[in-house]
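This report refers to the structure that appears directly beneath it.
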Amino acid sequence: MDAQGYKWVRWRVWLCRIVALLSFGFLLIVFRWFPRLALLARCCPCPLALADFVLIRDTFGQQHMVEVLTEEMEEGSLELLGDSEENGEWRDTVQLYKEKKTLLRYYLFEGLRYIWLDTRSSFCRVSVLNDDWTGKDLHGFKKGLSQSEQIVRKQVYGPNLIDVPVKSYYTLLTEEVLNPFYLFQIFSIILWLFDEYYFYAACIFFVSMLSIGISLYEIRKQSTTLHSMARLVTKVTVLRSSGVQENVSSEELVPGDCICLPKDGLLLPCDAALLIGECLVNEGMLTGESVPVLKTPLPASDRRYISEAERKHALFCGTQVIRAKGGGPTGAGGVAIVTGTGFYTAKGSLVSSILYPQPTNFRFYQDATKFLITLGILALFGTIYSLVVFSWFDMNWIEMVIRALDLVTIVVPPALPAAITTGTIYAQHRLKKHGIFCISPPRINISGKVSLFCFDKTGTLTEEGLDVWGVMEGGPAGFTEVVSDPRLLSPGSLLSGLACCHTVTLLQGQPVGDPLEMKMVNSTGWSLQEPGEDGGVLDAEFGGHRVLAVMRPPAMPLPFHETPASEPVAIVQRFPFCSALQRMSVVTVACGGCSVVAFMKGSPEMVASLCRQDTVPPQFSSKLHSFSSEGLRVLALAYKPMDKCANLSTIERGEVEQDMFFLGLLMMKNLVKPESSKVIKMLKTAMLRTVMVTGDNILTAVNVAKSCGMVRSDEVVMFVEATAHTTQATATLRFYMEDGEGSVVTTRDVYQGDFGYHLAISGTSFAVVCDHFPEHLSKVLMRATVFARMAPDQKTRLVKELQKLNYRVGMCGDGANDCGALRAADVGVSLSEAEASIASPFTSKTENISCVPLLIREGRCSLVTSFSLFRYMALYSIIQFTSVLLLYTMGTNLADMQFLFIDLILVTQLAIVMGRGGPSKELSPRRPPANLLTLPVLGSLFIHICMVILGQLAALFLTVSQDWYSPLNSTVFGAANLPNMENTAVFSLSGFQYIFVAVVVTKGYPHKNPLYRNVIFLCLLLILFAAMTYLALYPGSLFIKVLQLYDILDFNFKMLIVAVAALNFLICFVVEMLIDVGILNCLRWLCPRRSTKKQYKRLHSLLCHPHAPSWPPLNQTLYASVHTATVTVR
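Per the numbering used here, the very first residue in the sequence shown carries number 10; after that it's consecutive.
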């Protein structure tokens, strides 16, 4: 994000005020539309240190202007912060100006506070002051801040509020009216009043006010809802350095505050790190995951604290602490340190993404703007022509200007932006009926252009719950036979490990936790007990250690067990599962504290690497390969006796998880959901690429990919293995076959479903390829179907790398570990029970991926509808523009009520119901276009415009060629010449044109239901056609008077007008059909064929070239060069 400083120039400010006064405030309106222009007009560039304003260019290239604010600091605040090196940043913050007072300089941008740091000579996020805190630093705050320290920190960090402003109706009305669209409407109404179109102006004014009223109500309703969701103010107990506990408002919280968590929980008003006790937290608001999560204390390590990396120890704003226990000051709750406040929290970040969404770089909206500019240029030429015509009639200059400007209101339809959103509104309503909720409607159109969809595995492609398939003990001598039921295991370390190594907890007497761990614990038959009010009893039973939970074996041992029954085991320390570490561990003690044993479970590869190698069975790799290839979820377990005299409550994770003894393997069966295979087949038939992104083992992921149809049975899988750069060796890359053979695979037919092989890559290898082998990255992304052992940040990076290849990327996940990828994707779908989750743009209540093709079909339907409405509104403008120019030439115009009939009765109703047609039942292999400025679209518009002009010219020439025709009075102009024959003929024909053009531009197959399925639209077409036929053939005296029509008595002539309209419709309809089948493609030979701009298509062409070198190089070790370059596709 770039920032440029500006400061006031007094004479410029006064000059702008004078010009604004002379222009009756118009300059201020222009400044409102173009803030950068306002800044350049009144200010001059200067160093950031002296700036009154900052011009910010964000990562999307958009510019924003913000004002630099100053705040006086209290005397002595520097001394309160101390003189240590850690507080150097603070001192620079408040010591910028040392004149007569100490000032803090900052600005607010998108809710975030940026403060001036002199050492960095820039404005930085205020969170930079605590970005480098380590676990040890956080534990240093356990005694609490003093009152004075809290006041200074609040001045620097600001209040702990996620404040979404709710503007008053007056403010909203002012902003809405100053919108260019409504200013254009006001200009048009004033113009019509001068032109004596009183009734028409009154109707448009009424419709505009109704539209503004509805818009204001919806905007205020949405902002009120978001305000109530975002704003959270509650009472929190804070520990001060004096040892006193204060009950303060959550607005007063600052990073570093020590808060006491009540045992019955609370709704968290900030981000915090848990230091003492355990918490059961519902994070559904952030992740959409309904299963409560157990949080454990953060160790006092020297590692930098990052909340996303330490999720098992981090408490997030907006989440509900259901219960806290085990170590608060009162012995019942928990203790946490505030790490983030306001918009610098996880909830604040998500609210910010709603308030300030990433701009949708969608070609359709860009082309629509360009087309509006083209219409504006057309209006300019029409204005010049009309001025020439008016000069023939000796009109005064005021009337000439009014009528010339009237053309601008006709050619540039102000309702166009609203009209093209109609299809999106209908699609959003239909999606809601199917349980798919959307918080970003523009993404619906984008979903129609998705070319690649990524899927999480567990809970998305496969069932959420896993069933225990079997366990197998292992040791130096090898593995034993598979035991299908863990209860059949003899009492020992493996059975105890299965029963204890978890984070399952009790909520109202019922066990809750990760579904996998729940299945594992239940399979052992052991029961969970947690300390109650008399927790000291359990502590005494287990040697005085602070007990977190007790696992007790069944009261009645199985009769065939020869060894004595297992003893109860107490869990005294937990190190929760971490995606980055791929493991978890617990420390347990036996009754009386006579023995201490640590257990660890996690991915087999990780567990084996942390075990003593002499305890790992020789057949470990082959067994793991065998089970994973069968699609089983495999976990490994290990144990280690610990020193009884060690302080188990403060022992560090690194000390526990080393030199372990290998115990065995736990195999769990994860069944593919029945809908997954059908959906994957449907997407592949529609030429949509599908990719699996999972945190599971790579062989298990490959098996699931085969089971759900991502990889066909006749296709092979090649593995990508990359090792990172070290001080001893350079980074390497290797491709090898699934079966270890080195058979040659051709590079033809690269698209998924055609090429004969797929790549599978792990998260570690993916990171190495990104960092050290950029020349191979794009090719790997083109071929890879399975991405396994992917951490959350790696999933996000994958989505962004695919987008760099110009894929429109969709992502479907359960919302837990996929939040980053869901938000980074063009279309993110979270499978959640929540009605609307801010984890992704779309939330589906359906527990399977059947929502994906439905969303794509609705997106395609919405996009096609937007195209149809755009073309219809453009042709509507041209039809009316042609009518007015022809009648201007003849010395007349359309009547006031004729304009009203056309705009409100014909066009508005047709535009509203045109988008009601639903999506096609099937997904077509061809995606709808998103580019308006293409040969078919422009060619279609050009031909229809020509037909419209010819039709109206034919009606006019037929009229003037009749024997009974009498010319107009050339001494008067416009309404004074009404009614007349020319007006009636042109009005009758153009009325039919408005109707049949709606039929011609309405697309059906293959992305939308046929026109006859849109019953309301079809009925309206018939009614309006009947109405126009009546007005053309048998207009009654009432309509003749109201619409100011000329009563033509020649019935044959009126039938001829209807026949011309029918011929006009037939030609346009046939032309549109021919364009749909590609008749205009024959014109492409006139210009050289341009290469596609999409990187993945260009790369496809390059790899499929007959003379392209064979890739990937099988069974060859590639080394990273010192200077690597990204692949260039020509």
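Backbone N, C-alpha and C fix where the C-beta goes; we use that ideal spot for every residue, glycine too.
What residue range does the alpha helix (DSSP H) around Glu185 cover?
Here residue 185 refers to the residue found at position 176 when the sequence shown is read from its first residue. Its alpha helix (DSSP H) spans residues Tyr178 to Val186.
CA nearest to the CA of Gly144, picked from Phe203, Asn405, Leu1020 and Ala345:
Sequence index remark: in the sequence shown, residue 144 carries index 135 (1-based). The shortest Cα separation from Gly144 among Phe203, Asn405, Leu1020 and Ala345 belongs to Ala345.
Cα-Cα separation, Val186 to Leu192:
In the sequence shown, the residue the question calls residue 186 occupies position 177. In the sequence shown, the residue the question calls residue 192 occupies position 183. For Val186 and Leu192, the distance between alpha carbons rounds to 6 Å.
Tell me which same chain residues have a C-beta within less than 6 Å of the C-beta of Val302, skipping the five on either side of it?
Locating residue 302 in the sequence shown gives position 293, counting from the first residue. Cβ within range, chain order: Val290 and Glu292.
Relative to the C-alpha of Phe132, which residue among Asn531, Cys717, Glu76 and Ile213 is closest?
As a first step, residue 132 is located in the sequence shown; it is residue number 123 there, counting from the start. Nearest of Asn531, Cys717, Glu76 and Ile213 to Phe132, Cα basis: Glu76.
Leaving out five residues before and five after Leu1033 in sequence, what residues of the same chain have Cβ atoms less than 8 Å from its Cβ?
As a first step, residue 1033 must be located in the sequence shown, where it is residue number 1024. For Leu1033, where only same-chain residues beyond five positions count, the Cβ hits under 8 Å are Ile914, Leu915, Gln918, Leu919 and Ile1004.
Buried or exposed for Trp201, going by 16 or more other Cβ atoms inside 10 Å?
The residue given as residue 201 occupies position 192 in the sequence shown. Label assigned to Trp201: buried.
Rounded to a whole number of angstroms, what is the C-alpha to C-alpha distance between Thr968 and Cys870?
For the purposes of this step, residue 968 is taken as residue 959 along the sequence shown, with counting starting at 1. For the purposes of this step, residue 870 is taken as residue 861 along the sequence shown, with counting starting at 1. About 42 Å.
Which stretch, first to last residue, makes up the alpha helix (DSSP H) that contains Trp142?
Translated into positions along the sequence shown, residue 142 becomes position 133. Taken as a continuous stretch (DSSP letters only), Trp142 belongs to no alpha helix (DSSP H), as it is neither H nor E.
Measure the C-alpha to C-alpha separation of Ile419 and Trp406 and round it to an integer number of angstroms.
Along the sequence shown, read from residue 1 onward, the residue named residue 419 stands at position 410. Along the sequence shown, read from residue 1 onward, the residue named residue 406 stands at position 397. Between Ile419 and Trp406, the C-alpha separation is close to 20 Å.
As assigned by DSSP and simplified to three states, the class of Tyr123:
Here residue 123 refers to the residue found at position 114 when the sequence shown is read from its first residue. Strand at Tyr123.
Would you please verify whether the beta carbon of Ala1041 is less than 8 Å from any beta carbon of chain B?
Among the chains of the structure shown, chain B does not appear; only one protein chain is present.
From Ser395 to Gly948, what does the alpha carbon distance come to, in whole angstroms?
Counting from one through the sequence shown, the residue named residue 395 turns up at place 386. Counting from one through the sequence shown, the residue named residue 948 turns up at place 939. About 27 Å.
How is Asp1085 classed by DSSP in three states: helix, strand or coil?
Counting from 1 along the sequence shown, the entry for residue 1085 is found at position 1076. The answer is helix: DSSP assigns Asp1085 an H, G or I state.
Rounded straight-line distance, which links the Cα of Cys600 to that of Ala579
Counting from one through the sequence shown, the residue named residue 579 turns up at place 570. Counting from one through the sequence shown, the residue named residue 600 turns up at place 591. Taking the straight line from one Cα to the other gives about 8 Å.
Beta-bridge pairing of Leu894 - partner residues as DSSP gives them
Translated into the one-based positions of the sequence shown, residue 894 becomes position 885. None; Leu894 has no bridge partner.
Val245 and Ser259 - do their beta-carbons sit closer together than 8 Å?
Start at 1 with the first residue of the sequence shown, and residue 259 comes out as number 250. Start at 1 with the first residue of the sequence shown, and residue 245 comes out as number 236. Taking 8 Å as the Cβ cut-off, Ser259 and Val245 qualify as a contacting pair.
State the CB to CB distance for the pair Val595 and Cys510, rounded to an integer number of angstroms; the pair is presumed to be in contact (CB under 8 Å).
As a working mapping, residue 595 is identified with position 586 in the sequence shown. As a working mapping, residue 510 is identified with position 501 in the sequence shown. Rounded, the Cβ-Cβ distance is 5 Å, consistent with contact.
Sub-8 Å separation of Thr703 and Ala695 beta-carbons
Along the sequence shown, one-based indexing puts residue 703 at 694. Along the sequence shown, one-based indexing puts residue 695 at 686. For Thr703 and Ala695, no; Cβs fall outside 8 Å.
Given this structure, state the Cα-to-Cα distance separating Met560 from Glu317, to the nearest angstrom.
Reading the sequence shown from its first residue, position 551 is the one you call residue 560. Reading the sequence shown from its first residue, position 308 is the one you call residue 317. Their backbone Cα atoms lie some 30 Å apart in a straight line.
Classify Arg19 as helix, strand or coil using the three-state DSSP reduction.
The residue given as residue 19 occupies position 10 in the sequence shown. Arg19 falls in the helix class under three-state DSSP.
Whole angstroms is fine: what's the gap from Trp872's alpha carbon to Ile1025's?
Translated into positions along the sequence shown, residue 872 becomes position 863. Translated into positions along the sequence shown, residue 1025 becomes position 1016. Inspection of the sequence shows that residue 872 is occupied by Leu rather than by Trp. In a straight line, the C-alpha of Leu872 is about 20 Å away from that of Ile1025.
Any 3 or more C-beta pairs closer than 8 Å across the segment 1029-1048 and the segment 933-942
no
Is the separation between the beta-carbon of Met727 and that of Pro1122 shorter than 8 Å?
In the sequence shown, counting from the first residue as 1, residue 727 sits at position 718. In the sequence shown, counting from the first residue as 1, residue 1122 sits at position 1113. No. Outside cutoff.
Is Val643 closer than 8 Å to Pro613 when the C-beta atoms are compared?
Stepping through the sequence shown from its first residue, residue 613 is reached at position 604. Stepping through the sequence shown from its first residue, residue 643 is reached at position 634. Going by C-beta atoms, Pro613 is nearer than 8 Å to Val643.
First and last residue of the uninterrupted alpha helix (DSSP H) at Ser685:
By 1-based counting over the sequence shown, the position of residue 685 is 676. Where Ser685 is concerned, the enclosing alpha helix (DSSP H) stretches over Pro683 to Thr694.
Would you identify the three-state DSSP class for Asn1157, choosing helix, strand or coil?
Shown here, the chain extends from 10 to 1139; a query on residue 1157 therefore has no answer.
Could I get the ranges of all uninterrupted beta strand (DSSP E) runs contained in the segment 626-654, with 3 residues as the minimum, in chain order?
641-651
Contact defined as beta carbons within less than 8 Å: I believe Ala1129 pairs with Thr739. What is the distance between those atoms, to the nearest angstrom?
Here residue 1129 refers to the residue found at position 1120 of the sequence shown. Here residue 739 refers to the residue found at position 730 of the sequence shown. Indeed they touch by this definition, with Cβ atoms about 5 Å apart.
Do you know how far the Cα of Ile958 is from the Cα of Thr891?
Position 882 of the sequence shown, counted from the start, is the residue given in the question as residue 891. Position 949 of the sequence shown, counted from the start, is the residue given in the question as residue 958. Each residue's Cα considered, the two are about 6 Å apart.
Could you work out which residue in Arg332, Asp652 and Leu641 is closest to Gly541 when comparing CA atoms only?
Here residue 541 refers to the residue found at position 532 of the sequence shown. Closest option to Gly541, Cα to Cα, is Arg332.
In or out: Glu287 buried (at least 16 other Cβ within 10 Å) or exposed?
What you label residue 287 is simply residue 278 of the sequence shown in a count that begins at 1. The residue is buried, with at least 16 neighbouring Cβ atoms inside 10 Å.
Could you check how far apart the C-beta atoms of Leu181 and Ile228 are, in whole angstroms? I think they sit under 8 Å.
As a first step, residue 181 is located in the sequence shown; it is residue number 172 there, counting from the start. As a first step, residue 228 is located in the sequence shown; it is residue number 219 there, counting from the start. Indeed they touch by this definition, with Cβ atoms about 6 Å apart.
Report yes or no: do three or more beta-carbon pairs, one from the segment 772-785 and one from the segment 1068-1076, lie closer than 8 Å?
no
Out of Pro308, Leu277, Asp266 and Val263, which has the shortest C-alpha to C-alpha gap to Ile285?
For the purposes of this step, residue 285 is identified with residue 276 of the sequence shown, where counting begins at 1. Among Pro308, Leu277, Asp266 and Val263, the Cα nearest to that of Ile285 belongs to Pro308.
Pro976 burial status per 10 Å Cβ neighbour count (16 or more: buried):
Locating residue 976 in the sequence shown gives position 967, where the first residue counts as 1. Looking at its Cβ environment, which holds fewer than 16 other Cβ atoms inside 10 Å, Pro976 is exposed.
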